[in-house]
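One structure is given here, and the rest of the page talks about it.
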Amino acid sequence: MTHTFPENFLWGASISAHQTEGAYNAEGKGLSVQDTRQRDNHDIADFTVAVDHYHRYKEDIRLLAEMGIKVFRFSIAWTRIFPNGRGKVNDLGIQHYSDVIDELLKYDIQPYITLNHFDLPQALEDEGGWGVRTTVDAFVHYAETVFKAYGDRVKHWLTINEPNIMLLVDKKILGKEIPLREKYQQFHHLMISEKYAFKRCHELIEGGKIGPVPNISLVYPATSKPLDNQAALYFNSVRNWAYLDFSCFGRYNTVFKDYLNRNDVSITFASEDQELMEKHFPDFVAMNFYTTVTVEKPTERDGMANGISDQQSEDIMEWGFYKGFTNPFLKKNQFNWTIDPDGLKTTLQTLYDRYHLPIIITENGLGAKDELTEDGKIHDDYRIDYLEQHIDQCRQAIEAGVDLIGYSPWSAIDLISVHEGISKRYGFIYVDRNEHDEKEMHRYKKDSFYWYQSLIKANQLP
Ligand code: BGP
Numbered sequence: 001m002t003h004t005f006p007e008n009f010l011w012g013a014s015i016s017a018h019q020t021e022g023a024y025n026a027e028g029k030g031l032s033v034q035d036t037r038q039r040d041n042h043d044i045a046d047f048t049v050a051v052d053h054y055h056r057y058k059e060d061i062r063l064l065a066e067m068g069i070k071v072f073r074f075s076i077a078w079t080r081i082f083p084n085g086r087g088k089v090n091d092l093g094i095q096h097y098s099d100v101i102d103e104l105l106k107y108d109i110q111p112y113i114t115l116n117h118f119d120l121p122q123a124l125e126d127e128g129g130w131g132v133r134t135t136v137d138a139f140v141h142y143a144e145t146v147f148k149a150y151g152d153r154v155k156h157w158l159t160i161n162e163p164n165i166m167l168l169v170d171k172k173i174l175g176k177e178i179p180l181r182e183k184y185q186q187f188h189h190l191m192i193s194e195k196y197a198f199k200r201c202h203e204l205i206e207g208g209k210i211g212p213v214p215n216i217s218l219v220y221p222a223t224s225k226p227l228d229n230q231a232a233l234y235f236n237s238v239r240n241w242a243y244l245d246f247s248c249f250g251r252y253n254t255v256f257k258d259y260l261n262r263n264d265v266s267i268t269f270a271s272e273d274q275e276l277m278e279k280h281f282p283d284f285v286a287m288n289f290y291t292t293v294t295v296e297k298p299t300e301r302d303g304m305a306n307g308i309s310d311q312q313s314e315d316i317m318e319w320g321f322y323k324g325f326t327n328p329f330l331k332k333n334q335f336n337w338t339i340d341p342d343g344l345k346t347t348l349q350t351l352y353d354r355y356h357l358p359i360i361i362t363e364n365g366l367g368a369k370d371e372l373t374e375d376g377k378i379h380d381d382y383r384i385d386y387l388e389q390h391i392d393q394c395r396q397a398i399e400a401g402v403d404l405i406g407y408s409p410w411s412a413i414d415l416i417s418v419h420e421g422i423s424k425r426y427g428f429i430y431v432d433r434n435e436h437d438e439k440e441m442h443r444y445k446k447d448s449f450y451w452y453q454s455l456i457k458a459n460q461l462p
């Protein structure tokens, strides 16, 4: 049994614009919902500066090239291209990402670009956000604009980052709770936007390939009780397959439709939707995986749904359907996120056998409170251990027949965690955010940087 990965396996690393760039209003950029939302944690408010990747991208890309990555997954800030979501193009924004792309190509690193990663333009949010059809039109125009601007050099695109997490964890991601009826109309508009992106990418970019990028966590039943299995089926269908069935099959599945009906939710279709759904499909599936989820059937004493559902905590519940359950067989990290490497292999096999499309993992990683030593080292052996266990599951999935084409962990460089700000670090590269001295924003290579560098070079686990 070989331990090496396929010869052209795409070792990468990932970031998002709003969590790394900073320069939140520089060079014509408009405000996104991430710039305007109220946050109850000072660190998380640091999105305005983040880790200054906007100005330091050349240094960061040089470090990533030194680490040896083949692909770099990053997102374009819509509000750098269209400050108000639509209208006049901001040429400085177009030029910035053109320069980033050229810098990557200089090192023979393939860009994998996410069109939108949680940072909807505030101007569109003010008109109703993903709840109104005009936002779909604005997204399509934005996607066409960047396809035309970069399609000569960028052949791999991801649509909208984790629409499922964005809607399931609306309060944490967007700073507001969305009522169920509105949530699934937004879901439909997000998914129709994605279908348009599939269509226009294939029409505008020669050899262009595009995929959805949901967060997929296989759902386990808490016990062998039939009602717990039913709860797991519901949460799998609502959290995972509702999104990918729409992307890859062009339809809603029956469990999801039953869930909507039982919640008295009906989705409004536009006349062109049915044809769009059934005619335009992805070339691959990008998958973000952090852990699996365990649920049980809520009982009378559980009271009403608290509505919040999240990949790393048990405070998920929708009355009558599912309720989070602390899995006693799984460990947790410092931030209460469950760790389940075996769950990655089962998730990959389940996803591949359902959709039969190539898969690239575009997020997987361990958030931790890394310590910078006096001599500028970061001994993140815990992150190496996490990644090693998950990469081994990837290898096993490939050997079992899964067409896994790449692994691009979260995150290339320390960035601002959505939930915990800069204190929760994921990067191979440490960023000193100690704004009280001249080392502000200095980059340091963690132990995991060197470990990943040697893994990529050997194309197998050490
Ligand atoms: C994913 C998002 C990423 C990042 C990641 C880690 O759902 O796609 O943008 O936020 O979660 O989560 P956090 O930032 O909360 O630590």
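Read left to right, the sequence shown gives residues 1 to 462 (my numbering).
In this text, a Cβ means the ideal position worked out from N, Cα and C, and glycines have one as well.
- In this structure the region 102–112 lies against the region 155–174, because at least three pairs of beta carbons, one per stretch, are closer than 8 Å.
- Secondary structure remark: continuous alpha helix (DSSP H) runs of at least 4 residues inside the region 230–254, in chain order: 242–249.
- Using a C-beta cut-off of 8 Å, the region 258–270 makes no contact with the region 323–332, since fewer than three inter-stretch Cβ pairs fall below that distance.
- Taking the C-beta atoms as reference points, L218 is found nearer than 8 Å to T346.
- Counting only runs of 4+ residues, the alpha helix (DSSP H) found wholly inside the region 69–150 occupies 78–81, 91–106, 122–126, 133–150, in chain order.
- For the region 143–208, the continuous beta strand (DSSP E) assignments of 3+ residues that do not extend past its boundaries occur at 156–161, in sequence order.
- Assignment of N288 by DSSP, reduced to helix, strand and coil, places it in the strand class.
- E66 has its Cβ no nearer than 7 Å to any heavy atom of the ligand BGP.
- Two segments are said to touch when three or more pairs of C-beta atoms, one from each, lie closer than 8 Å; by this definition the region 81–94 does not touch the region 47–63.
- Ranked by Cα distance from T48, the first of G343, A458, Q19 is Q19.
- A check of alpha carbon separations from N364 across Q393, K377, R239 identifies Q393 as the nearest.
- Scanning its chain for C-beta atoms nearer than 7 Å, with the 5 sequence neighbours on each side dropped, one finds around A50 the residues Q19, T20, E21, G22, L415, I416, in chain order.
- Q453 is not a Cβ neighbour of G12, given a cutoff of 8 Å.
- By a beta-carbon distance limit of 8 Å, I359 contacts V402. Their separation comes to about 7 Å.
- D170 and V132 have their C-alpha atoms some 17 Å from each other.
- Between the alpha carbons of Y220 and D375 lies a gap of roughly 44 Å.
- Listed in chain order, the non-local C-beta contacts of G85 below 6 Å within the same chain comprise P121, A123, L124, A138, local neighbours out to five positions each way being set aside.
- N288 counts as buried, since at least 16 other C-beta atoms from the protein chains shown sit within 10 angstroms of its C-beta.
- With fewer than 16 neighbouring CB atoms inside 10 Å of its own CB, N434 falls in the exposed class.
- Going by C-alpha positions, L276 is about 8 Å away from G250.
- Taking 8 Å as the upper bound for CB-CB distance, I160 and L204 are not in contact here, some 18 Å apart.
- T36 and A26 have their C-alpha atoms some 15 Å from each other.
- Under the 10 Å beta carbon count, P212 is surrounded by 16 or more other beta carbons and is classified as buried.
- Checking the 7 Å criterion, the Cβ of I76 is out of range of every heavy atom belonging to the ligand BGP.
- For I398, no beta strand (DSSP E) segment is defined; the enclosing uninterrupted segment is the alpha helix (DSSP H) at 381–399.
- Secondary structure note for R62: its alpha helix (DSSP H) is the uninterrupted segment 53–67.
- Bounds of the alpha helix (DSSP H) holding A458 are 447–458.
- Look at R262 here: in three-state DSSP terms it is helix.
- In the DSSP secondary-structure assignment, L404 is bridged to I359.
- Assignment of E275 by DSSP, reduced to helix, strand and coil, places it in the helix class.
- Under the three-state reduction of DSSP, Y24 is assigned to coil, being neither helix nor strand.
- The alpha-carbon of T145 is positioned some 38 Å away from that of R383.
- Scanning K323, K225, V136 for the CA closest to the CA of A270 turns up V136.
- T268: not part of any beta strand (DSSP E); DSSP gives it neither H nor E.
- Here L10 carries a strand assignment [DSSP, helix/strand/coil].
- Excluding residues up to 5 positions away in sequence, K155 lie with their Cβ nearer than 7 Å to the Cβ of G207 in the same chain.
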